[in-house]
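Chain order of the listed sequences is B and H.
FYI, this note's numbering numbers position 137 of the first sequence as 309, with every residue one higher than the one before it.
FYI, this note's numbering numbers position 3 of the second sequence as 175, with every residue one higher than the one before it.
Number of protein chains: 2
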Amino acid sequence: MNLHYKKERGSVILNKKEWAGEYQTNNVFIAFKIKKKIFEKQSKYQKITIYDSIELGRIFFLDDVVMLTEKDEFMYHEMLVHPTMGQLDSPKKVLIIGGGDGGTLREALKYPIEKATLVEIDKDVIEASKKYLPFTGKSFMDKRANIIVGDGAKFVAETDEKFDAVFVDSADPVGDCAVLFSEKFIGDIHKILNKGGIVVAQSESPFYDFVVVKDYLKFMKKYFTHSLTYLGFVPTYPSGMWSYVMARDMEIGIPKEKVKGLKYFNPVIFQAAQALPNWMCNTLYPI
Amino acid sequence: MNLHYKKERGSVILNKKEWAGEYQTNNVFIAFKIKKKIFEKQSKYQKITIYDSIELGRIFFLDDVVMLTEKDEFMYHEMLVHPTMGQLDSPKKVLIIGGGDGGTLREALKYPIEKATLVEIDKDVIEASKKYLPFTGKSFMDKRANIIVGDGAKFVAETDEKFDAVFVDSADPVGDCAVLFSEKFIGDIHKILNKGGIVVAQSESPFYDFVVVKDYLKFMKKYFTHSLTYLGFVPTYPSGMWSYVMARDMEIGIPKEKVKGLKYFNPVIFQAAQALPNWMCNTLYPI
Chain B
173 MNLHYKKERG SVILNKKEWA GEYQTNNVFI AFKIKKKIFE KQSKYQKITI
223 YDSIELGRIF FLDDVVMLTE KDEFMYHEML VHPTMGQLDS PKKVLIIGGG
273 DGGTLREALK YPIEKATLVE IDKDVIEASK KYLPFTGKSF MDKRANIIVG
323 DGAKFVAETD EKFDAVFVDS ADPVGDCAVL FSEKFIGDIH KILNKGGIVV
373 AQSESPFYDF VVVKDYLKFM KKYFTHSLTY LGFVPTYPSG MWSYVMARDM
423 EIGIPKEKVK GLKYFNPVIF QAAQALPNWM CNTLYPI
Chain H
173 MNLHYKKERG SVILNKKEWA GEYQTNNVFI AFKIKKKIFE KQSKYQKITI
223 YDSIELGRIF FLDDVVMLTE KDEFMYHEML VHPTMGQLDS PKKVLIIGGG
273 DGGTLREALK YPIEKATLVE IDKDVIEASK KYLPFTGKSF MDKRANIIVG
323 DGAKFVAETD EKFDAVFVDS ADPVGDCAVL FSEKFIGDIH KILNKGGIVV
373 AQSESPFYDF VVVKDYLKFM KKYFTHSLTY LGFVPTYPSG MWSYVMARDM
423 EIGIPKEKVK GLKYFNPVIF QAAQALPNWM CNTLYPI
């Protein structure tokens, strides 16, 4: 048996032109060998960069932080969307906050819903995704997609519409995205959910940012009768260990397998994803 | 809510003196900011390097590949050992192949066993671990530890002893470790297990090296009536998504929680760890 590659040995010498990377923390750095820079633009909000990499297909960065890679984005997007959609009886309207690459939208549109509203602050991200990330961005072409360029927190605070599911698909809780990790924002989401509706948000790496996991669950508990944290693998996110928080004013159930052909999610996976390592559950669910 | 750090922005410029890293594949590189190099030696078999890092405590490399970090080694060692030890009735003798840092030995010795035999090829790894990795290496001082410096595959082929559990705690399947991923080696382990005994081995990252996961499970199936692959998070290993393969000539059961104070493992975690993403189970367990 052999690996499909032979690991190179050597010290840290990376050629800036050939590698694109991210400080996953101030003290941990990951880099991907690239074939070509496909796109770069300083938008009103952030630097958007898209590369073709050798190992992971196309890679999409915002301000030098990996948002997705072509090879593993399915793990994140499937785990964000299907545990919720699979347990709703007949969801009609869903809301996505952020998600400007279109991946969450793509997964939500696999269900026979009437409308998926997506509120993304940066129109340049949407445009770049349509053009350079077709595997996620093509979902913007679906006629059930209702795309709003604007502030997600403001939208949630002001809309009169109600939704069966809300997906918070944000970048890290710094800068413009910090508000999407706030107590007020969660309270505002609570108000716009239909009866039995579900909210789910990505809540960062428990290994590097456990405080985010804890606070987000704590805020959810304030507004919802039922809430929980679950886990999934996302190899190109910091630590590869990613968390999601789900909340509802009804018991959280077991999703059905309503969509065929998924690469990661199945109902058993969602049950399994709720089993947390001791160091997490001892803190999150104290006896 | 704020992160405990502010992510630096910038391009790939790493100072060789301040960072220690690993090519996780030829095209993915991870680096850790270090405080100090603690130890370095070219042994007969490999380069041993130990650093103090800022984020992850002490880090132990063999040939520039991360073997463990102080902060997350418990995730790997607990998941390698406790699913097996927790389901054996009263294991008396265990065998560890590799595991020269002492972490697997430490976890096995948490049970009231009579003897833990560890066969590590590189005595310099054991000596360095005793001295510089006390959190794992102190287990070598336990009087139930029977340490053999030698070739693990040869030991397994030649020994007359029988064991209740065998743990294969090897480095990547290249060089001297390749034999620990071979069909013959697994057949030899099968012969030295007591009735109802269990073997478990680390089987690499399904994301980067799925062929290893597949082959190891296939070889196990040849010799054992029951076998399965399970998963766990190990943030500092390639992709953070790690696999283990377990086999036995009896039904694989649900481990009991016989040891208190673990940081990762609980019986529910092991059940959950057997739920594989679709792309894995569709290949590993074809209908």
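In this text, a Cβ means the ideal position worked out from N, Cα and C, and glycines have one as well.
Could you check how far apart the C-beta atoms of Asp273 of chain H and Met239 of chain H are, in whole angstroms? I think they sit under 8 Å. As a position in the second sequence, residue 273 of chain H is number 101, starting the count at 1. As a position in the second sequence, residue 239 of chain H is number 67, starting the count at 1. That belief holds up - the Cβ atoms of Asp273 of chain H and Met239 of chain H are roughly 6 Å apart, short of 8 Å.
Step through the CB atoms of chain B and report whether any lies within less than 8 Å of the CB of Thr455 of chain H. For the purposes of this step, residue 455 of chain H is identified with residue 283 of the second sequence, where counting begins at 1. Taking Cβ atoms only, chain B never reaches closer than 8 Å to Thr455 of chain H, which makes this a no.
Going by alpha carbons, who is nearest to Ser354 of chain H out of H:Ile441, H:Gly369, H:Ile293 and H:Gly324? As a first step, residue 354 of chain H is located in the second sequence; it is residue number 182 there, counting from the start. The option with the nearest alpha carbon to Ser354 of chain H is H:Gly324.
Looking at chain H, is there any beta carbon in it that lies within less than 8 Å of the beta carbon of Glu333 of chain B? Your numbering for residue 333 of chain B matches position 161 in the first sequence. With 8 Å as the cut-off, Glu333 of chain B does not count as an interface residue toward chain H.
Sequence-distant residues of its chain with Cβ nearer than 7 Å to Gly275 of chain H (five each side left out): Taking the second sequence and counting its residues from 1, one reaches residue 275 of chain H at position 103. Cβ within range, chain order: Leu240, Glu245, His249 and Thr308.
Output, in chain order, the set of chain H residues within a Cβ distance shorter than 9 Å of Lys326 of chain B. In the first sequence, residue 326 of chain B corresponds to position 154, counting from 1. Near Lys326 of chain B there are no residues of chain H at all, since even the closest Cβ is about 19 Å away, more than 9 Å.
Have a look at H:Thr397, H:Leu448, H:Val200 and H:Ala444 and flag the residue whose alpha-carbon is nearest the alpha-carbon of Glu423 of chain H. To locate residue 423 of chain H, count along the second sequence from 1; it is residue 251. Ranking H:Thr397, H:Leu448, H:Val200 and H:Ala444 by Cα distance to Glu423 of chain H puts H:Thr397 first.
If you follow the alpha helix (DSSP H) that Met392 of chain B is in, where does it begin and where does it stop? Locating residue 392 of chain B in the first sequence gives position 220, where the first residue counts as 1. Counting along the chain, the alpha helix (DSSP H) containing Met392 of chain B begins and ends at Phe382 to Tyr395.
Reduced DSSP category for Asn438 of chain H - H, G, I as helix; E, B as strand; rest coil: Position 266 of the second sequence, counting from 1, holds the residue named residue 438 of chain H. Asn438 of chain H falls in the coil class under three-state DSSP.
If you draw a straight line from the alpha carbon of Ala444 of chain B to that of Tyr436 of chain B, how long is it in whole angstroms? Here residue 444 of chain B refers to the residue found at position 272 of the first sequence. Here residue 436 of chain B refers to the residue found at position 264 of the first sequence. Each residue's Cα considered, the two are about 13 Å apart.
Could you name the residues of chain H that Met413 of chain B contacts, counting a contact when the two beta carbons are closer than 8 Å? The sequence position of residue 413 of chain B within the first sequence is 241, counting from 1. Under the 8 Å cutoff, chain H gives Phe405, Pro407 and Gly412.
Taking 8 Å as the threshold (beta carbon to beta carbon), is Val200 of chain B in contact with chain H? The residue given as residue 200 of chain B occupies position 28 in the first sequence. Yes, its Cβ sits closer than 8 Å to a Cβ of chain H.
Chain-ordered chain B contacts of Val440 of chain H [CB-CB under 7 Å]: Working through the second sequence from its first residue, we reach residue 440 of chain H at position 268. Those within 7 Å of Val440 of chain H in chain B are Ala447.
Going by DSSP in three states, Arg316 of chain H sits in which element: helix, strand or coil? Counting from 1 along the second sequence, the entry for residue 316 of chain H is found at position 144. Looking at Arg316 of chain H - three-state DSSP - the assignment turns out to be coil, as it is neither helix nor strand.
Can you tell me whether DSSP reads Phe379 of chain B as helix, strand or coil? Within the first sequence, residue 379 of chain B is the residue found at index 207, counting from 1. Coil.
Measuring straight from C-alpha to C-alpha, what distance separates Val383 of chain H and Phe201 of chain H? Here residue 383 of chain H corresponds to residue number 211 of the second sequence, with the count starting at 1. Here residue 201 of chain H corresponds to residue number 29 of the second sequence, with the count starting at 1. Rounded to whole angstroms, Val383 of chain H to Phe201 of chain H spans 21 Å at the Cα level.
Quick check on Gly369 of chain H: buried or exposed, where buried means 16 or more other Cβ atoms within 10 Å of its Cβ? By one-based count along the second sequence, residue 369 of chain H stands at place 197. By the 10 Å Cβ count, Gly369 of chain H comes out buried.
Establish whether the CB of Leu305 of chain H and some CB of chain B are separated by less than 8 Å. Here the question's residue 305 of chain H lines up with position 133 in the second sequence. For Leu305 of chain H, the answer is no, since every Cβ of chain B falls outside 8 Å of its Cβ.
Any contact of the segment 213-221 of chain H with the segment 399-417 of chain H, i.e. 3+ C-beta pairs under 8 Å? no
Between B:Ile206, B:Ala192, B:Glu279 and B:Ala419, which lies nearest to Val431 of chain B when the distance is taken from Cα to Cα? As a working mapping, residue 431 of chain B is identified with position 259 in the first sequence. Checked all of B:Ile206, B:Ala192, B:Glu279 and B:Ala419; the closest Cα to Val431 of chain B is B:Glu279.
Indicate whether Val328 of chain B and Asp360 of chain B have their beta-carbon atoms separated by less than 8 Å. Mapped onto the first sequence, residue 328 of chain B falls at position 156. Mapped onto the first sequence, residue 360 of chain B falls at position 188. Yes, Cβ-Cβ distance for Val328 of chain B and Asp360 of chain B is below 8 Å.
Mind the definition here: the segment 298-305 of chain B touches the segment 196-214 of chain B only if three or more C-beta pairs lie below 8 Å; say whether that holds. yes
Looking at chain B, is there any beta carbon in it that lies within less than 8 Å of the beta carbon of Ala444 of chain H? Locating residue 444 of chain H in the second sequence gives position 272, counting from the first residue. Yes, contact with chain B.
Which first and last residues belong to the beta strand (DSSP E) in which Tyr223 of chain B is found? To locate residue 223 of chain B, count along the first sequence from 1; it is residue 51. Residues Lys219 to Ser225.
Can Tyr388 of chain B and Val417 of chain B be called in contact, C-beta distance under 8 Å? The count along the first sequence starts at 1 and reaches residue 388 of chain B at position 216. The count along the first sequence starts at 1 and reaches residue 417 of chain B at position 245. Contact: yes.
So, is the C-beta of Asp244 of chain B closer than 8 Å to a C-beta in chain H? The residue you call residue 244 of chain B lines up with position 72 of the first sequence. Closer than 8 Å to some Cβ of chain H, the Cβ of Asp244 of chain B qualifies, so yes.
Between Glu292 of chain B and Gly258 of chain B, which are expected to be in contact by the criterion C-beta below 8 Å, what is the C-beta distance as a whole number of angstroms? Here residue 292 of chain B refers to the residue found at position 120 of the first sequence. Here residue 258 of chain B refers to the residue found at position 86 of the first sequence. Actually they do not touch by this definition, with Cβ atoms about 25 Å apart.
Please list, in chain order, the residues of the segment 202-222 of chain B that have any C-beta partner in chain H closer than 7 Å. Ile202, Ala203, Phe204 and Lys205
Under 8 Å between beta-carbons, which chain H residues line up against Tyr436 of chain B? List them in chain order, please. As a working note, residue 436 of chain B is residue 264 in the first sequence. Simply Pro449, Asn450 and Trp451.
At the level of alpha carbons, what is the spacing between Ser262 of chain H and Lys334 of chain H? Along the second sequence, one-based indexing puts residue 262 of chain H at 90. Along the second sequence, one-based indexing puts residue 334 of chain H at 162. Using only the alpha carbons, I get a separation of about 15 Å.
When you compare only the Cα positions, how much space is there between Asn454 of chain H and Asn438 of chain B? For this step, residue 454 of chain H is matched to residue 282 along the second sequence. For this step, residue 438 of chain B is matched to residue 266 along the first sequence. If you take the alpha carbons of Asn454 of chain H and Asn438 of chain B, they lie about 11 Å apart.
Proximal chain B residues relative to Phe396 of chain H, where beta-carbon distance stays under 8 Å: On the second sequence, residue 396 of chain H is found 224 positions in, with the first residue counted as 1. Near Phe396 of chain H there are no residues of chain B at all, since even the closest Cβ is about 18 Å away, more than 8 Å.
Thinking Lys205 of chain B and Ile231 of chain B are a contact (beta carbons under 8 Å), I'd like their distance in whole angstroms, please. Residue mapping note: residue 205 of chain B aligns to position 33 of the first sequence, counting from 1. Residue mapping note: residue 231 of chain B aligns to position 59 of the first sequence, counting from 1. Their Cβ separation, rounded to whole angstroms, is 11 Å, which puts Lys205 of chain B and Ile231 of chain B out of contact at 8 Å.
With burial defined as no fewer than 16 other Cβ atoms inside 10 Å of the residue's Cβ, what is the status of Val184 of chain H: buried or exposed? Stepping through the second sequence from its first residue, residue 184 of chain H is reached at position 12. Residue placement at Val184 of chain H is poorly supported in this model, since its pLDDT is 47, which falls under 50; the coordinates still yield a value, given next. Burial call: buried.
Exposed or buried, which one is Ile441 of chain B when buried takes at least 16 other CB atoms within 10 Å? Your numbering for residue 441 of chain B matches position 269 in the first sequence. Classification of Ile441 of chain B: buried, given that the 10 Å Cβ count is 16 or more.
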